[in-house]
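Undergrad: Under the working numbering, the letters of the sequence shown match residues 20 to 274, in that order. Just dropping this structure here.
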Amino acid sequence: MSLAPERLARFARHIVLPEIGGAGQAALANSHVVLIGCGGIGSPALQYLAAAGVGRLTLVDDDIVDVSNLQRQTIFTPSDVGTPKAEAAAEWVRRFDLGLEVTAVVERLGGDNADRILPDADLVLDGCDNFATRLAVSDACVARAIPLTSAAIGRFQGQVANFAGHREDQPCYRCFVGDAFDAQDCDTCAADGVLGAMVGMVGTFATMHAIRVLVDGHAAFGDPKYGSLTLIDGMNPGMRSIRIAKDPACSACGA
Numbered sequence: 020m021s022l023a024p025e026r027l028a029r030f031a032r033h034i035v036l037p038e039i040g041g042a043g044q045a046a047l048a049n050s051h052v053v054l055i056g057c058g059g060i061g062s063p064a065l066q067y068l069a070a071a072g073v074g075r076l077t078l079v080d081d082d083i084v085d086v087s088n089l090q091r092q093t094i095f096t097p098s099d100v101g102t103p104k105a106e107a108a109a110e111w112v113r114r115f116d117l118g119l120e121v122t123a124v125v126e127r128l129g130g131d132n133a134d135r136i137l138p139d140a141d142l143v144l145d146g147c148d149n150f151a152t153r154l155a156v157s158d159a160c161v162a163r164a165i166p167l168t169s170a171a172i173g174r175f176q177g178q179v180a181n182f183a184g185h186r187e188d189q190p191c192y193r194c195f196v197g198d199a200f201d202a203q204d205c206d207t208c209a210a211d212g213v214l215g216a217m218v219g220m221v222g223t224f225a226t227m228h229a230i231r232v233l234v235d236g237h238a239a240f241g242d243p244k245y246g247s248l249t250l251i252d253g254m255n256p257g258m259r260s261i262r263i264a265k266d267p268a269c270s271a272c273g274a
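Spelled out as structure tokens, the structure:
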């Protein structure tokens, strides 16, 4: 895939990076990313997916914009309050870059609509706020052999990892968290609070991970680091990584 002259100019700072180059940028332009959740994590992730030139974006979120979101969900403005987040996010993409294809899905992904939403995705980036959806997304990715970038935040702690549970030697998200969670198990920003800048840090780091997957095989930056979970500490600034083992008894990806 070749890039038009105006696209070459737009992404020149990527192309001059030996670790990305023209081949990596072309891979991004030819990619389809499904973003689950357009909120705190999804908002900055979307900004940098679009800025990176990911050619096709599907935005999945069943929530509407609330005034309390504006503290951290940086693509929205007061005029978006009351609008479905997926639709407002898609409109942001259209204003930002007419060269990208974007689709809004005002639904929550689950077993009944995954076939319609995910069939030709190159990557799913999940930044949603409940375990029930996270597990449904992970299971759908394993079943369809789609790599998953998962990002989560709780107060000043963030977690980001790439998963490829459809591969025989790689864990899935369910290997990490198990089967016990449901929609009522997770903490909420409304109850616990959240620092907007911390959410931005986790969302942009997740985009870095997503780009690794998308340029894998095309550029030197493409080391997905599947199964390596990065823990981000915002209170006492630092990062560390741990390796997640594949669970042979996992109900989604195990033998």
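Glycine included, C-beta positions come from ideal geometry on N, C-alpha and C. Fair warning: this is a prediction, and the values are worked out from it, not measured in the lab.
List, from N- to C-terminal side, the beta strand (DSSP E) runs of 3 residues or more that fit wholly inside the segment 54-139.
TA: 75-79, 120-124
Undergrad: Using alpha carbons as the reference points, say which of A170, G257, I83 lies closest to L54.
TA: A170
Undergrad: So what does DSSP say about H33, is it helix, strand or coil?
TA: H33 falls in the helix class under three-state DSSP.
Undergrad: Roughly how far, in whole angstroms, is the beta-carbon of R32 from the beta-carbon of G118, given that I think they are within contact range, below 8 Å?
TA: Rounded, the Cβ-Cβ distance is 16 Å, inconsistent with contact.
Undergrad: Apply the 10 Å Cβ neighbour rule to R231 and answer buried if 16 or more other Cβ atoms are within range, or exposed otherwise.
TA: buried
Undergrad: Quick one: residues in its chain with C-beta nearer than 6 Å to the C-beta of G61, no 5 flanking neighbours on either side, listed in chain order?
TA: L54, G146
Undergrad: Along the chain, where does the beta strand (DSSP E) that runs through M258 open and close?
TA: 257-262
Undergrad: Using a Cβ-Cβ cut-off of 6 Å (strictly less than) and excluding sequence neighbours within five positions of F30, which residues of its own chain qualify?
TA: Q44, G72
Undergrad: Bridge partners for H51 per DSSP, in chain order?
TA: R75
Undergrad: Excluding sequence positions up to five away, which residues of its chain have a Cβ less than 6 Å from the Cβ of T102?
TA: V84
Undergrad: Do A140 and A123 come within 8 Å of each other at the CB atom, strictly closer than that value?
TA: no
Undergrad: Quick check on DSSP: helix, strand or coil for V218?
TA: It is helical.
Undergrad: In the DSSP assignment, the alpha helix (DSSP H) including S270 goes from what residue to what residue?
TA: Neither: S270 is in no alpha helix (DSSP H) and is coded neither H nor E.
Undergrad: Quick one: give me the first and last residue of the beta strand (DSSP E) that F182 is part of.
TA: Taken as a continuous stretch (DSSP letters only), the beta strand (DSSP E) holding F182 covers 176-182.
Undergrad: Please report how far the alpha carbon of T223 lies from the alpha carbon of Y67, in whole angstroms.
TA: 7 Å
Undergrad: May I ask you to report which of helix, strand or coil DSSP gives V213?
TA: Looking at V213 - three-state DSSP - the assignment turns out to be coil, as it is neither helix nor strand.
Undergrad: Note the first and the last residue of the continuous beta strand (DSSP E) segment covering A171.
TA: 167-173
Undergrad: Keeping to the same chain, check which residues put their C-beta closer than 7 Å to that of A271; ignore five residues upstream and five downstream.
TA: These residues qualify, in order along the chain: S157, D158, V161, G184, C191, R193.
Undergrad: Span of the beta strand (DSSP E) holding V143?
TA: 142-145
Undergrad: Just the Cα atoms here: how many angstroms apart are G241 and D134?
TA: 27 Å
Undergrad: Skipping 5 residues on each side, what residues in its chain have a beta carbon closer than 8 Å to that of L248?
TA: Q178, V179, A180, F195, S260, I261, R262, I263
Undergrad: Among R174, F175, L154, Q176, which residue has its Cα nearest to the Cα of T168?
TA: Residue L154 is the option with its Cα nearest to T168.
Undergrad: Can you name the start and end residues of the beta strand (DSSP E) that D252 belongs to?
TA: 247-252
Undergrad: How about P166 and P243: are their beta carbons less than 8 Å apart?
TA: For P166 and P243, yes; Cβs fall inside 8 Å.
Undergrad: Do we get a CB-CB distance below 8 Å when we pair A31 with the residues of chain D?
TA: Going by chain labels, chain D is absent from the structure shown, which holds only one protein chain.
Undergrad: Taking DSSP as the reference, what is the three-state secondary structure of E187?
TA: coil
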